[in-house]
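Numbering (the working numbering), first residue to last: 93 to 147. Heads up, the beta-carbon is just placed ideally off N, CA and C, and yes, glycines get one too.
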């Protein structure tokens, strides 16, 4: 099912992002968040839109 695959992909990407953040010191963490937080937010929003369109 495409929805289930999308959910797993979003979960895996979010976990990888959070794992990377946890390994960085504050300075690098802020830099990493500035460069990537919008991408993660966009991914989550696109998944939510996919769910809304599926119903």
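Point to revise | Length-filtered (4 minimum) alpha helix (DSSP H) runs lying within the segment 119-146 | key: Whole alpha helix (DSSP H) segments, 4+ residues: zero.
Exercise for review: Please confirm whether residue 95 and residue 143 have their CB atoms less than 8 angstroms apart.
Suggested key: Contact flag set, yes.
Check your understanding: Near residue 132, what residues of its chain come up, given a Cβ to Cβ distance below 6 angstroms and the 5 sequence neighbours on each side ignored?
Key -> Excluding residues within five positions, the ones whose Cβ falls inside 6 angstroms are 109.
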